[in-house]
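Have a look at the structure below before the remarks.
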Amino acid sequence: MLKEAFQDLNRLGQIAAVAARHGFGAYLDQTRLGELLGSRGAAEVRQAAAGAEPAGPEPDRRTAQRFRQLLVDLGPTFIKLGQLLSSRPDILPSHWVEELSELQDAVPPFPIAEVRAEIARGLGRPVESCFAELEEAPVATASIAQVHRARTHSGERVAVKVQRPRIRQRIDSDLSLLYQLARLVEAVVEETGVYTPTGIVEEFERAIHEELDFGNEAQNARAMAETSRDRPFLLIPRVYDDLSCETVLTLEYVDGVKVSEITAAGGYDLEQVARNIIEAAFRQLFEDGLFHGDPHPGNVLVLPGNRVALLDFGLVGRLSRRMQEALVTLIMATALRDPETVARVLNRIGVAEEHTPITAFRADIQAIFDRYLGLKLEDIHTSTLARDLLDLAVKHRIRVPKEWAVLSKASVTLEGIVRGLYPKLDILEVGLPYAKELLFSRFNPSDASGTMMKSFLKLQTLAEDVPAQLQQILVDLESGKFRVNVRSPELDRIATNVRMLGLTLFLGLVASGLTLGGLVVFARDFAGWRFLPFLGAAALAVAGTLFGVGLALYLLSGPRKKIRLRRFLRGGDPPA
């Protein structure tokens, strides 16, 4: 126990010295880290800081560059932390995300003897009984594992991913130090944004432990392969379950070319490859509900016939049906330049640290839309717009789901790949049909360019917002934050007015739904309603529309109706 504590303190001193050498000594002084390190450790930190290049006032991007180099010098755990942060644009500003995206696992390979020992330990039998051949030189090396080509006894070529020995112990040791550093930062920094340092370390701990268990990656690969069976243009490598475990993962070997290296002169149809990549991404989002979270060029290979293969399934995002529908609503509202619906969707899917005035949020979204005035949809970089909206949510202290943040980063990477292949490709043109298909389960999108769609989007988001807003009121009541200022002694009249307002709102929603529902029936292709005769469907549409319009006229018919409604709510005669 004492030995471990001494090792932790020694490692903490190393971290502090490296940080000081990269010009972060002033930040260390604020955390009072020297009190933990003792006089000798503090002296070493001061010596390292003395040899550092003075930081001084500098652009934030330069600070991000120094931070990236700091993570590289601190080793595998901190490199993985930087890679996690690079996938979370909701935590860091965009230029920090871009800088950390350049982090590479520049680590030497571990010996083949250790590779063979780890395979035998993980699979519980000698390597010779698992593989007929195992190449000595790795084809890829990273901080957590390395990959070797091999051949099974049945003659199939496979890729074997083997975890580094003792890497879990090293990461767990560094995690305990990260928690100490996070608590030190929180003790001296009052404002830490939506995410606290401790919260970031907790998120990193969950992510790195999932990545250390190769069973999770195998499950992700199997799920993607299952949903991609009907897509001949997409290859997901097969998992060899009998040759895989927590520390060893065996996959079908894919012999392709990196997407960043293909050319038209090499016989590839660049437009078709770009379309295949985007179609695969949109179908994963809107049909499967799961997507590749790290589609950088090294993980996207191109095969003969312009087929696309995806590799590395350590980071795969999953979207619930509710999140899929919210994403579609967000895309359609953005296409319609409807800031109110965009604001409500972002506010609904996220968790607000404090009350966010929807008016101010909507105004900021409108300002973003104004920057794109005059541009056609195909000329707008959708990933840039998504990142702008995500930054805005963070500004208003709305914590969006992790999946949305990962999706935002992945979309930036994918759009860069696609525009590099074929800049003229209209990404939304390829993707919107799949979004509309998901939308068909709720309403007909044939009027997507008119006011009916916009009204329905607002009605839908309003109806979904009401329960969440009521729940927030209950939370405020329990926490003592809810305040009601009563200025009139006529409480009975106020209560009656509130009940009347609620009933009016409910009936108004019913009227809107019936009217819009009737119009939707008229707008639909009646050939799809094989189970209803045409006249029956038309009669249903007419009845719903007329009843909805009649109810709306009743609610708008003036003070006399309101007076009767008040009497009814007080227990009098029903309104005529």
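Taking our numbering, the leading residue of the sequence shown gets 1285, the next gets one more, and so forth. Glycine included, every Cβ here is placed at the ideal spot set by N, Cα and C.
If you drop the 5 nearest sequence neighbours on each side, which residues of the same chain put their C-beta closer than 6 Å to that of Leu1676?
-> Asp1648
C-beta contact flag for Leu1674 and Ser1695 at 8 Å | no
Buried versus exposed, by CB contacts within 10 Å (16 or more), Ser1413 | exposed
Just how far apart, CA to CA, sit Val1684 and Thr1480?
-> 15 Å
What is the DSSP secondary structure of Val1431, reduced to helix, strand or coil?
-> strand
Tell me whether the beta-carbon of Leu1712 lies closer than 8 Å to the beta-carbon of Thr1666.
-> yes
Can the beta-carbon of Leu1574 be found closer than 8 Å to that of Val1600?
-> yes
At which residue ranges does the region 1347-1411 contain complete beta strand (DSSP E) runs of 3 or more residues, listed in the order of the chain?
-> none
Residues in its own chain within less than 6 Å of Leu1569 by CB, not counting five upstream and five downstream?
-> Phe1575
Rounded distance between the beta-carbons of Glu1420 and Ala1434, thought under 8 Å = The pair is not a contact, with the Cβ atoms about 11 Å apart (cut-off 8 Å).
Measure the C-alpha to C-alpha separation of Pro1521 and Gly1499 and round it to an integer number of angstroms.
-> 15 Å
Using a Cβ-Cβ cut-off of 7 Å (strictly less than) and excluding sequence neighbours within five positions of Gly1715, which residues of its own chain qualify?
-> Ile1562 and Phe1566
Span of the beta strand (DSSP E) around Val1532 = Val1532 to Glu1536
Of the listed residues Gly1598, Asn1590 and Trp1688, nearest to Leu1630 (C-alpha basis) = Trp1688
Just mark Pro1707 as buried or exposed, buried being the case when its beta carbon has 16 or more other beta carbons within 10 Å.
-> exposed
Contact belief for Leu1461 with Leu1296 at Cβ below 8 Å, rounded distance in angstroms | 5 Å
On the three-pair Cβ rule with 8 Å, is the region 1451-1468 touching the region 1491-1507?
-> yes
Backbone CA spacing between Asp1357 and Gly1589 [nearest angstrom] = 43 Å
Ordered along the chain, which non-local residues of its own chain (more than five positions away) have a Cβ less than 7 Å from that of Glu1470?
-> Thr1476, Thr1480, Pro1481 and Thr1482
Helix, strand or coil for Glu1417, going by three-state DSSP, please let me know.
-> strand
Cβ of Pro1449 within 8 Å of Cβ of Glu1402?
-> yes
In angstroms, rounded to a whole number, what distance separates the CA positions of Ala1719 and Ala1548?
-> 31 Å
State buried or exposed for Gly1408, treating a residue as buried only when at least 16 other CB atoms are found within 10 Å of its CB.
-> exposed
Secondary structure at Val1883, three-state DSSP: helix, strand or coil?
-> Nothing in the structure corresponds to residue 1883, since the chain is present only between 1285 and 1860.
Can you tell me which of Pro1373, Pro1377 and Leu1355 puts its alpha carbon nearest to the alpha carbon of Asp1344?
-> Pro1377
If you draw a straight line from the C-alpha of Leu1594 to the C-alpha of Asp1578, how long is it?
-> 10 Å
Should Gly1340 be labelled buried (16 or more other beta-carbon atoms within 10 Å of its own) or exposed?
-> A caution first: Gly1340 carries a pLDDT of 47, below 50, which makes its placement in the model unreliable, though a value can still be read off. Exposed, because fewer than 16 other Cβ atoms sit within 10 Å of the Cβ of Gly1340.
What residues are listed by DSSP as bridge partners for Phe1575?
-> Gly1601
What is the rounded straight-line gap between the Cα of Ser1544 and the Cα of Asp1553?
-> 14 Å
Cα-Cα separation, Val1237 to Gln1298 = Here the chain has residues from 1285 to 1860 only, and residue 1237 is not among them.
Helix, strand or coil: how does DSSP classify Lys1693 here?
-> helix
Could you give the DSSP three-state label for Val1423: helix, strand or coil?
-> coil
Figure out for me which residue from Leu1354, Gln1388, Val1538 and Leu1611 has the closest Cα to the Cα of Ala1670.
-> Leu1611
Report the residue ranges of all beta strand (DSSP E) runs contained in full by the region 1491-1537; include only those spanning at least 3 residues, in chain order.
-> 1532-1536
Hey, could you find the ends of the alpha helix (DSSP H) Arg1559 is sitting in?
-> Leu1554 to Arg1567
Three-way DSSP call (helix, strand, coil) for Gly1340 in this model | With a pLDDT of only 47 at Gly1340, under the threshold of 50, the placement of this residue in the model should not be trusted; the figure read from the coordinates follows. Reduced to three states, the DSSP call for Gly1340 is coil.
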